[in-house]
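For reference, the structure is listed below as structure tokens.
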């Protein structure tokens with residue numbers, strides 16, 4: 060089964076997997092941030108609303124607030140990032156995922172960019 064990957068304008072990827080979505084930052088964003096040194100993730104069972112801040116990333120360059128690409132309830136967080144936030148830099152599209160979320164409005168997924176549209180947007 061091919062996993063559907065979409066992107067937010069804020070450089071987050073969203074992989075739909077059945078009733079849940081896994082969210083992480085794009086390779087483009089991790090390269091812009093440089094070395095990630097700290098990640099503050101939401102709590103499990105926390106509800107997030109689309110476009111509201113839900114994750115804080117601190118890198119050697121800056122502190123960044125990430126905005127939820129879709130609304131929903133956090134059902135899993137990537138605990139490995141607490142001890143080794145650099146996983147985001149070495150594996151942003153795989154092991155460096157941030158959260159798993161149960162969407163409350165799946166129609167919001169349709170507002171995200173396809174991989175092709177995202178590539179065009181970042182290469183302008």
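Numbering (the numbering used here), first residue to last: 60 to 183. Note that beta-carbon positions come from the ideal geometry of N, C-alpha and C, so glycine has one too.
Measuring alpha carbon to alpha carbon, tell me which of 141, 133, 111 and 131 ends up nearest residue 117.
Within the chain shown, the letter at position 58 stands for residue 117. The option with the nearest alpha carbon to residue 117 is 141.
Go ahead and pull the three-state DSSP assignment for residue 179.
Working through the chain shown from its first residue, we reach residue 179 at position 120. Residue state for residue 179 is assigned as helix, using DSSP reduced to three classes.
Where residue 127 sits in the DSSP three-state scheme:
Taking the first residue of the chain shown as 1, we reach residue 127 at position 68. Correct three-state label for residue 127: coil.
What are the start and end residues of each continuous beta strand (DSSP E) run of 3 or more residues lying completely inside the stretch 85–111, in chain order?
95–99
Run of the alpha helix (DSSP H) containing residue 141, from where it starts to where it stops
Walking along the chain shown from the start, residue 141 turns up at place 82. Unbroken alpha helix (DSSP H) run through residue 141: 139–142.
For residue 192, tell me which candidate among 156, 75 and 150 has the shortest Cα-Cα distance.
The requested residue 192 does not occur in the structure, where the chain is confined to residues 60 to 183.
Minimum Cβ-Cβ distance from residue 70 to chain D less than 8 Å
No chain D appears in this structure, which consists of one protein chain only.
Counting only the same chain and skipping the five closest in sequence on each side, list residues whose C-beta sits under 6 Å from that of residue 123.
Indexing the chain shown from 1 puts residue 123 at position 64. Excluding residues within five positions, the ones whose Cβ falls inside 6 Å are 116.
Among the candidates 132, 125 and 147, whose CA atom is the shortest distance from the CA of residue 95?
Working through the chain shown from its first residue, we reach residue 95 at position 36. Ranking 132, 125 and 147 by Cα distance to residue 95 puts 147 first.
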